[in-house]
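J.:
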Amino acid sequence: MTNKKVKFKIYRKDPKISNDYRYDEFDVPMEEGMVVLDGVNYIVEHYDSTISVRWNCKAARCGSCAAEINGYPKLMCKTRVEQMGDVITVNPMKAFPLVKDLVTDVSINFEIDKKIPEFTPKNMGKKPWTIYDIDVNRAQEFRKCIECFLCQDTCHVVRDHNTKYIGPRHVIKAAALDMHPMDVLDRSESLTKDMGLGYCNVTKCCEEVCPEHIKITDNAIIPEKERAADNMYDPIMMLIKKLKNKSNRDKK
Ligand code: SF4
Ligand code: F3S
Ligand code: FES
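Numbering (my numbering), first residue to last: 1129 to 1380.
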């Protein structure tokens, strides 16, 4: 323990009681290696146990402590206090409805997930599947997602514009399925026509905040956009797709 103290400003609001909000300030003793979640938990334990905060693993695995720290979307359990300066302002994620204080309702994401057509494997009869490492690795990147929804919170299309765009987290889910070597569907067209992918203007802000460093834009969004353009506007690709669909249907 050092003598140094850090000032925490914590966003407080209970929408069930009032639309007013305020920031409560607390001085928290600095400890070596301390993360923002340690500071918030210290405050709850020593000053004000009515503050609502959500966390589970404290190891950057569950995604539940996502917040906006000094204006940046980050995991509270992965953000070192010493890197954030002497005053640390903690806000809830702004893209989601507030439950209370630092806790938001992210359940809309689980509803969006249901719109993405599920894994649909080739009918191989009794033949075993042969899958190469290169294909596994390609889709595996997206499986690192911890569903913190910081990318959704950051995306200006999801956050500020009233569009039907499902958002980056959900595009990587669709891309992981599309890149699976045994999957027969192509979700790029429905991503574009029904789920608003065209509204994404590739700003890459989602990629910058991802705690798992998933290349959301380069490896999922851009390939899905390109595939959709091929499928929807390239006559040769359209013909190949038709023949492929027919042969898949015949195999069933
Ligand atoms: Fe979080 Fe990254 Fe998954 Fe988005 S893609 S939900 S930022 S882990
Ligand atoms: Fe949004 Fe990422 Fe596209 S921030 S606009 S989904 S590149
Ligand atoms: Fe699980 Fe932070 S507490 S990611």
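Every residue, glycine too, gets a C-beta built ideally from N, C-alpha and C.
What three-state label does DSSP hand residue 1165 in the structure shown?
T.: Helix.
J.: Within a Cβ cutoff of 8 Å, which residues of the same chain sit near residue 1271, ignoring the five residues on either side of it in sequence?
T.: Taken in chain order, the residues that qualify are 1304.
J.: Where does the unbroken alpha helix (DSSP H) through residue 1179 begin, and where does it stop?
T.: Here residue 1179 belongs to no alpha helix (DSSP H), and DSSP marks it neither H nor E.
J.: Just how far apart, CA to CA, sit residue 1211 and residue 1135?
T.: Roughly 13 Å separates the two Cα atoms.
J.: Please work out which residues of its chain come closer than 7 Å, Cβ to Cβ, to residue 1247, disregarding the five sequence neighbours upstream and downstream, and give them in chain order.
T.: For residue 1247, where only same-chain residues beyond five positions count, the Cβ hits under 7 Å are 1305, 1308 and 1311.
J.: Is any non-hydrogen atom of the ligand SF4 found closer than 7 Å to the C-beta of residue 1277, if you look at the structure I gave you?
T.: Yes, Cβ of residue 1277 sits closer than 7 Å to a heavy atom of the ligand SF4.
J.: Going by Cα to Cα distance, which pick from 1316, 1328 and 1332 is closest to residue 1354?
T.: The shortest Cα separation from residue 1354 among 1316, 1328 and 1332 belongs to 1316.
J.: Is the region 1204-1219 touching the region 1158-1174 in the sense that three or more CB pairs, one from each, lie closer than 8 Å?
T.: Yes, since at least three Cβ pairs between the region 1158-1174 and the region 1204-1219 fall closer than 8 Å, the two stretches touch.
J.: Does the ligand F3S have even one heavy atom less than 7 Å from the beta-carbon of residue 1332?
T.: Checking every heavy atom of the ligand F3S against the Cβ of residue 1332, one is found closer than 7 Å.
J.: Just list the residues that DSSP pairs residue 1151 with in beta bridges.
T.: Partner(s): 1139.
J.: Would the C-beta of residue 1340 count as close to the ligand SF4, meaning under 7 Å from any of its heavy atoms?
T.: Yes.
J.: From residue 1189 to residue 1367, what does the alpha carbon distance come to, in whole angstroms?
T.: Whole-angstrom Cα-Cα distance: 44 Å.
J.: Compute the Euclidean distance between the alpha carbons of residue 1216 and residue 1142, then round it to the nearest angstrom.
T.: Taking the straight line from one Cα to the other gives about 21 Å.
J.: With distances taken from each beta carbon to the nearest heavy atom of the ligand FES, which residues come in below 7 Å, in chain order?
T.: So the residues near the ligand FES by this Cβ test are 1165, 1183, 1184, 1185, 1186, 1187, 1188, 1189, 1190, 1191, 1192, 1193, 1203, 1204, 1205, 1206, 1274 and 1276.
J.: Can at least three beta-carbon pairs, one atom from the region 1257-1270 and one from the region 1172-1181, be found at a separation below 8 Å?
T.: Judged by Cβ distances under 8 Å, the region 1257-1270 makes no contact with the region 1172-1181, as fewer than three pairs qualify.
J.: On the DSSP bridge assignment, give the partners of residue 1223 in chain order.
T.: The partner list for residue 1223 (beta bridge, DSSP) is empty, contrary to what the question assumes.
J.: Specify the secondary structure class of residue 1256 as computed by DSSP and reduced to three states.
T.: Residue 1256: coil per DSSP, three-state reduction.
J.: Measuring only the C-alpha atoms, how far is residue 1172 from residue 1153?
T.: Rounded to the nearest angstrom, the two C-alpha atoms are 12 Å apart.
J.: With a threshold of 7 Å on Cβ separation, who are the neighbours of residue 1347 within its own chain once the five nearest residues in sequence on each side are excluded?
T.: 1269, listed in sequence order.
J.: When the Cβ atoms of the region 1322-1338 are set against those of the region 1282-1291, are three or more pairs found closer than 8 Å?
T.: They touch, by the three-pair rule.
J.: Would you say residue 1138 and residue 1149 are within 8 Å of each other, going by their C-beta atoms?
T.: Not in contact: residue 1138 and residue 1149 (Cβ atoms no closer than 8 Å).
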